[in-house]
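Here is the structure we will look at.
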Amino acid sequence: MPSPTHVSEPADRLATSVVAPSTAPVVSAPARRARLTGTFWWSLALIGLLCLVAVFATQLAPYPPNAQLDIVALKSQPPSAAHPLGTDQYSRDLLSRMLFGARISLSVAMLAVLLSATVGTAYGLVAGYVGGRVDAVMMRLLDACLAIPRVLLLVAVLALWSPVPLPALILVIGLTGWFEVSRLVRAEVLSVTQREYIVAARALGASGPRIIWRHVLPNVLNPVIVAAALGVGNIIILEAGLSYLGIGARAPTASWGSIFFDGSDAFQATWWIALFPGLAIIVTVLAFNVFASALRDALDPHQLAGDRAR
Amino acid sequence: MADPLLTIEKLRTYFYGESGVARAVDGVTFSVGAGETVGLVGESGSGKSVTALSVLRLVRPPGRLEPGSRIVFEGRDLATLGERELRTVRGARIAMVFQEPMTALNPVFTVGEQIAEVVRIHAKASRHDAWQRAVEMLHVVGMPSPAERAKEYPHQLSGGMRQRVVIAMALVMNPALVIADEPTTALDVTIQAQILELLQELQRRFGMSILLITHDLGVVAETVSRVLVMYGGEIVEEAPVKTLFAEAHHPYTEGLLAAMPRLGESRERLRTIPGTVPPPTRWPNGCRFHDRCPYAWERCTSEHPPLYQIGDGHVSRCHLAEEPARRNQPHDPFIMRETSAGGGRDGVRGARENTAERSARS
Amino acid sequence: MRRYLAARLLQSLIVVVLVTTISFFLIRLAPGDPFSFTDFTMSSAAREQLRVEYGYNQPAPQQFIRFLGNVAHGRLGYSHSMQRNVGTVLAEAVPRTLLLMSAALFAAFALGIAVGALQAVGRGSWLDRATSAVLLLFYSIPDFWLALMALLALAYWIPIFPSGGMMDPVLHDYMSLGGRIRDVLAHLALPALTLALLSAAGIARYQRAALLDVLPLDFVRTARAKGLGERTVVMKHALRNALLPVITLLGLSLPALVGGAFFVEKVFAWPGMGYVAANAISARDYDLVTGTVIVGGIMVALGSLLADLLYALADPRLRTR
């Protein structure tokens, strides 16, 4: 699965020790201001388009997604004029299934990410702000959780309860994905709380939770939003993978992953059933990844915690 | 001077960036003789470090040496020399000592290895011979237990010892010229003295020339025979060291000397030169120091001064050479700034005028 | 460094215990036990005997202790779908997964480091930007889909590679040693490359950034000032430093690789852990599934421990502490 973004202890140390100021006197690199480039806008537009498709799937789809149209004549037909993406082995129109699949895949991903982001932010805020022993313990626990491969955990949980209803799926995926976010948030919190306006707020008598809510949180959200955008992409792929293993969205629900699962049976003969969900996933995930990248650039990379030295 | 070892003529090093062209070194000419120690003095932003880097063409894009620059060394013009030939000069005939010994050394190789590497590439020596030479060199620079130290990594040594390693690395091939760029700035005061003494001793022993770059006049007073003062990308004064300290001519040099804290002097505030160094993308019109100069008058805001001859081996880039009486009428430097074309909208126009003036001159 | 290693060892142990505990609770919560399943050829008395033997009739806390003990001894339960002990099944399957993962790791790092370094040196050029775009594309491709398409394209439509499995089902045993090795390698190529390609994209990105961080540093300038050629400067002086952060990726990419192995093995029918687990899921073979999860967790913990050890050895600053 796509890239690990957190950095372990040795790399942290390397980052802070090797990136020392150079004494070479050169004109400094142009200052990076918030620049919303073209890339940012077209990726955002693409995401918007995909969301619209998901929302209006009912209106856009020529057939209901689970309708078996004509099990004799229309079984496993390659793409044609009547069925632009072909039909599957149950004679269901693939285009319609794909459109509804957008709804499932996108909503699962977005809701799961929302859950991960919320839990992760809360955990990171507490750990970073409280500090001391509590922080140390929380981080050790987090490190242990981070070391467990997410897929293994999901397989363990979902295999035992499959088929899993969609809300439960979202819950499980969300609860296994918050570790990374909390690490980011904690690092950001540590940096922010050292800045002067926090000290000033404390001096003015503001209480802990109030400080967190009004001063720390808004500043800390930047890397969270970027991580969330990347997370949506990851989860779309993850959900599809889980469906491929048979433990994701259950039949006959059409998610892109379960469509692919159907298509992987006789993929030599009915290659289109496997091809199109993959393409859809690629386009969607690409849009989210590009968007996250553009967002990160726009929000000034030097502010984001993670693998950059302070 | 008898045939100089290094002659730099009209050196210009420009940096091309988004905010314009930074003329870091803008027409510098000087020589270094064999066995001589020359000091190049200036604040940060004066162009002295870039000058040092330019000699060996170590300036990276977006910086580059402008055409017309000449760097004559041992009969060859380094400014136009081919890359492969230039590499035979670097480290072997001309060596550099950099400012920050911690970052100048590669953290993943032992110090012995880094010195030996120089020997291996230039003298085609075997690993064993090169290592022996490295240990020898560490001994020469005064490193205790050189054989053991050679096997250590930079992070295991103190700042002073690391600088000795850097010096050893520079001298191992017996170069004719060593360019030392602020070799003591990053070190403690007591270590500074040790390193300077080491450099002088090594020079007595090996007879190489030293071009010492520094912002610290105190360092210069003790170690060099001739001083070049840089400001605004140019040489503004050149003199034998005793003359400079006794009879400095250029107002900038005066300012630098006055700013040095002296033992036995009771002052509550250190004297400073008012204002700041202008950005190399917009040198002021006329004399580049005029907006900070207590003597400047109208001529200084429009006419770029050439290097006037003041005495034997003493030149100064200041119109006071022609109108010395004005030295008796100092004023607040900022009066000149308001009437000059150095800032705001005028600055752009002024910069263009300046370029025209310069190209007319050259 | 010893203290660092001890801390890492402890952490790995905690991870393994955590994974084991979670698996245990999941198994307990699952309906039934392995022996209530459909193997009607077994009499209920025999089934009961097996239950007692494997401890399924005891209260939960005792079962947990027993479970931990069993795991420590490698007794991971009984697989009803394969009619063998989980331990035996996995003992066969794990080395195959290790082979696949090693090949994939090697390919991923070789490719990723080379591409990333080249990109950093040619920074800003059109090739650099084009490569970044391609890498971004790769990030967005699901591995199982890529695996399937690769299989379609390079094994079916253009039969270059074998179409799955680990060896030729008919001829393998009749081949010479050299032939057998070549056979396995041919079957290994496509799955390993697929697994590697996606990791390589991440590694290339990281390596590019790491090298770009190192190139402007002072000691690189010193190396040039010594008269070294540009290639030596980059490959010997700069890259040696820039490789260090990339080594940390070794440990970090293990979880991803283990996860990816599940999917890729299933597509290519490579008979490793992932393939076994995928089938076990369909067959509702809980013990086998959780056994796989535990072993997978141990593999990852050990692997990242080794990777961190490698890093500590590679960086002289850590080695000599």
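Line by line, the protein sequences give chains A, B and C.
For the first sequence, the numbering used here begins at 704 and goes up steadily by one.
For the second sequence, the numbering used here begins at 74 and goes up steadily by one.
For the third sequence, the numbering used here begins at -9 and goes up steadily by one.
Beta carbons are placed, not taken as given, at the ideal position from N, Cα and C, and that holds for glycine.
- Per DSSP, the unbroken beta strand (DSSP E) holding T102(B) starts and ends at G93 to V105.
- Close to V9(C), with beta-carbon spacing below 7 Å, are these residues of chain A in chain order: I851.
- Residue-level contact by beta carbon holds for T212(C) and chain B, with a gap shorter than 8 Å.
- Within 8 Å of the CB of W974(A), the CB atoms of chain C belong to L142, in sequence order along the chain.
- Of the candidates H63(C), N60(C), V79(C) and A62(C), V79(C) places its Cα closest to the Cα of S69(C).
- In the structure shown, R113(C) falls within a coil segment according to DSSP collapsed to helix, strand and coil.
- The Cβ atoms of E310(B) and R390(B) sit closer than 8 Å to each other.
- Around L763(A), the same chain offers V756 and L802 as residues with beta carbons nearer than 8 Å, after the five sequence neighbours per side are excluded.
- Taking the C-beta atoms as reference points, V279(C) is found no nearer than 8 Å to V875(A).
- Counting C-beta pairs with one atom in each stretch, the region 50 to 68 of chain C and the region 267 to 284 of chain C have three or more that are closer than 8 Å, which means they touch.
- For F759(A), no alpha helix (DSSP H) run applies, since DSSP gives it neither H nor E.
- When 9 Å is used as the limit between beta carbons, L178(B) is near these residues of chain C: D208, F209 and T212, in chain order.
- With its beta carbon at least 8 Å from every one in chain B, R113(C) lies outside the interface.
- Across the structure, S122(C) and G112(C) are spaced so that their CA atoms are roughly 12 Å apart.
- A319(B) sits in a helix when the DSSP states are folded into three classes.
- Taking C366(B) as the centre and dropping the five residues before and after it, the same chain places the C-beta of P324, Y325, C360, C373, P406 and M409 closer than 8 Å to its C-beta, in chain order.
- Note that the C-beta distance between V929(A) and R999(A) is below 8 Å.
- In the structure shown, P313(B) falls within a strand segment according to DSSP collapsed to helix, strand and coil.
- Chain C places no beta carbon closer than 8 Å to that of A957(A), leaving this residue out of the contacts.
- Three or more pairs of CB atoms, one per stretch, sit closer than 8 Å, so the region 947 to 960 of chain A contacts the region 264 to 272 of chain C.
- Counting C-beta pairs with one atom in each stretch, the region 226 to 234 of chain C and the region 157 to 172 of chain C have fewer than three that are closer than 8 Å, which means they do not touch.
- The residues G108, in chain order, have a CB closer than 6 Å to that of G280(B) in the same chain once the five nearest residues on each side in sequence are set aside.
- Take L772(A), set aside five residues on each side of it, and the residues of its chain with a beta-carbon closer than 8 Å to its own are Y766, T790, S794, R795 and D796, in chain order.
- In the structure shown, N922(A) falls within a helical segment according to DSSP collapsed to helix, strand and coil.
- Per the coordinates, the alpha-carbon of A862(A) lies some 16 Å from the alpha-carbon of G287(C).
- Contact between the region 84 to 94 of chain B and the region 835 to 855 of chain A is absent: fewer than 3 CB-CB pairs across the two stretches fall below 8 Å.
- By a beta-carbon distance limit of 8 Å, D254(B) contacts Q172(B). Their separation comes to about 6 Å.
- Within chain C, the residues whose beta carbon sits less than 8 Å from that of E173(B) are D208, listed in sequence order.
- Of the residues R163(B), G93(B), P334(B) and T110(B), the one whose Cα lies closest to the Cα of M246(B) is R163(B).
- For I148(C), the secondary structure class from DSSP, reduced to helix, strand or coil, is coil.
- Rounded to whole angstroms, the gap between the alpha carbons of F991(A) and S746(A) is 7 Å.
- Nearest CB-CB separation between V858(A) and chain C: below the 8 Å threshold.
- With a cutoff of 8 Å on beta-carbon distance, F963(A) and W135(C) are scored as near each other.
- At least one CB of chain C lies nearer than 8 Å to the CB of L129(B).
- Taking a Cβ-Cβ cut-off of 7 Å, the neighbours of L218(C) in chain B comprise I194, given in sequence order.
- With a threshold of 8 Å between beta carbons, S746(A) makes no contact with chain C.
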